[in-house]
Amino acid sequence: MKELAIGIDIGGQSAKLGVVDRDGCILDSCVVTSMQPTFDAFISDLADAIKSLCDSTASAGRVTGTGADAPNANYHTGCVEFAPNLKWGRDGEGRPTVIPLAESLAKATGLKVSLTNDANAAAWGEHTYGAARGIDNFIMITLGTGVGSGIVIDGKLVYGHDGFAGELGHVCVERGGRQCNCGLKGCLETYASATGVARTARLWIQENSRPSLLRRLDAEAITSKDIFEAALAGDSLAKDIFAYTGRKLGQAMADFVKFSAPQAIVLFGGLGGSRQFFHDEMVREMNENLMEIWKGKIQILYSTLKQSDAAILGAASLVWQK
2 MKELAIGIDI GGQSAKLGVV DRDGCILDSC VVTSMQPTFD AFISDLADAI KSLCDSTASA
62 GRVTGTGADA PNANYHTGCV EFAPNLKWGR DGEGRPTVIP LAESLAKATG LKVSLTNDAN
122 AAAWGEHTYG AARGIDNFIM ITLGTGVGSG IVIDGKLVYG HDGFAGELGH VCVERGGRQC
182 NCGLKGCLET YASATGVART ARLWIQENSR PSLLRRLDAE AITSKDIFEA ALAGDSLAKD
242 IFAYTGRKLG QAMADFVKFS APQAIVLFGG LGGSRQFFHD EMVREMNENL MEIWKGKIQI
302 LYSTLKQSDA AILGAASLVW QK
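Under our numbering, the final residue of the sequence shown carries the number 323; numbering is consecutive throughout.
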């Protein structure tokens, strides 16, 4: 009988579940809310959804395990630790706390549960099903609302001693630079995420008088999508914003290469759709900041997984992780 796995992508608003086979086909899927006020209620809803999915795909194979990703998830402990945006991840006084998600879900379903954060799940999903298939040394960078990363060395995800290795989005690229939500200043995330691109636009509009389509918009409401559309329309300021973003990202990527000498860097996330406006600058800046031994050797790849499926596939791939 074919082996199947369940992948669960847990966010602040909802949890997306899917049954996946080893070929990366999603056989069935569903969504449950993540807005439950208690952890017990959330686990109960997840367990019911898992049972329903197992039943609906029973003729195709047997579910052998569950992989899940969640904010602040620790692979070593199976716990979600102090996640501020999960309502059920709080103690009796409403403060974020440590939640034993993997253990509790395993007890409720009878299935082995592996848990990690979304960037690590995305990295292993690319290794199992996507652009990094067959590559044992690479860095995954997720470019979304924030910047996440997963590091794979010799075919294994790097978790570190405490389970939280791989926070490359919070490497400092500008000493004393922009304030980050993590509490530090100058993090890559404040420049190279979707929100970082919007921050650049707001700052540049205030600092100079260059004509731009972006000036027609409410500066405080500008999004990376607005900037992309302006760039498509030929707006030079919008194009320069993306070029600046590419340079910041390329500089950081050069430092990442010095750390782990990856064969490839894989980029994933909504901002990757704007790569026509930042890719060349990014690669040029990366190579200019590399030692000669690495210049021109690092592949820059973009995720080949459908964005709507990638999180489920990435989580499910944890079941088959080496």
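Beta carbons: idealized from backbone N, C-alpha and C, even for Gly.
- Contacts around Ile100, its chain only, beta-carbon distance under 7 Å, and the 5 residues preceding and following it disregarded: These residues qualify, in order along the chain: Phe40, Cys80, Val81, Gly90.
- Item | Backbone CA spacing between Leu272 and Gly145 [nearest angstrom] | Approximately 6 Å between the Cα atoms of the pair.
- Message: Let me confirm a value: Pro263 is counted as buried when at least 16 other C-beta atoms fall within 10 Å, else exposed. Which label applies?
- Response: Taking all protein chains in view, the Cβ of Pro263 is crowded by 16 or more other Cβ atoms within 10 Å, so the residue is classified as buried.
- Item | One or two residues paired with Met292 in a DSSP bridge | Paired residue(s): none; Met292 is not in a bridge.
- Message: What does the alpha-carbon distance come out to for the pair Ala132 and Ala265?
- Response: Between the alpha carbons of Ala132 and Ala265 lies a gap of roughly 10 Å.
- Message: Can you list, in chain order, the residues of its chain with a C-beta nearer than 6 Å to that of Tyr76? Leave out the 5 residues immediately preceding and following it.
- Response: Cβ neighbours of Tyr76 within its own chain (closer than 6 Å, five residues either side excluded): Thr117, Tyr160, Gly164.
- From what residue to what residue does the alpha helix (DSSP H) around Ala132 run? Counted as a single uninterrupted DSSP element, the stretch harbouring Ala132 is not any alpha helix (DSSP H), since DSSP gives it neither H nor E.
- Message: For Gln252, count the other beta carbons within 10 Å of its own beta carbon; 16 or more makes it buried, fewer makes it exposed. Which is it?
- Response: The residue is buried, with at least 16 neighbouring Cβ atoms inside 10 Å.
- Query: Can you check whether the CB of Ile9 is closer than 9 Å to the CB of Leu112?
  - Reply: Cβ atoms of Leu112 and Ile9: not closer than 9 Å.
- Reduced DSSP category for Lys52 - H, G, I as helix; E, B as strand; rest coil: DSSP places Lys52 in the helix class (H, G or I) of the three-state scheme.
- If Val284 and Gly68 are in contact, beta carbons under 8 Å, what's the gap, nearest whole angstrom? About 33 Å; that fails the 8 Å criterion.
- Item | alpha helix (DSSP H) runs wholly inside the stretch 233-319, at least 4 long, in chain order | Every alpha helix (DSSP H) stretch that sits fully inside the stretch 233-319 and reaches 4 residues is listed by chain position as 237-261, 280-289, 308-318.
- Does the Cβ-Cβ distance between Ala311 and Ala123 come in under 9 Å? Less than 9 Å divides the Cβ of Ala311 from the Cβ of Ala123.
- Item | Beta-carbon proximity check, Leu189 vs Gly170, cutoff 9 Å | Leu189 is a Cβ neighbour of Gly170, given a cutoff of 9 Å.
- Task: Could you pull out every unbroken alpha helix (DSSP H) segment of at least 4 residues lying fully inside the stretch 170-202, listed in chain order?
- Result: As far as the stretch 170-202 is concerned, its whole alpha helix (DSSP H) runs of at least 4 residues are 190-193.
- Identify the residues that DSSP records as bridge partners of Val159: which are they? According to DSSP, which records beta bridges pairwise, Val159 is partnered with nothing at all.
- Item | 8 Å contact criterion, which Leu5 and Asp22 should meet: CB distance rounded | Contact between Leu5 and Asp22 holds: their C-beta atoms lie close to 6 Å from each other, under 8 Å.
- Where Phe243 falls, given that 16 or more other Cβ within 10 Å makes a residue buried: Buried.
- Host alpha helix (DSSP H) of Ser105 (start-end): From DSSP, the alpha helix (DSSP H) with Ser105 extends over 102-110.
- What residue does the beta strand (DSSP E) around Thr67 start on, and which one ends it? Run containing Thr67: 63-70, per the beta strand (DSSP E) assignment.
- What did DSSP end up calling Ile136 once you bin it into helix, strand or coil? DSSP places Ile136 in coil when its eight states are reduced to three.
- Message: Measuring only the C-alpha atoms, how far is Glu94 from Asn86?
- Response: Those two C-alpha atoms are separated by around 15 Å.
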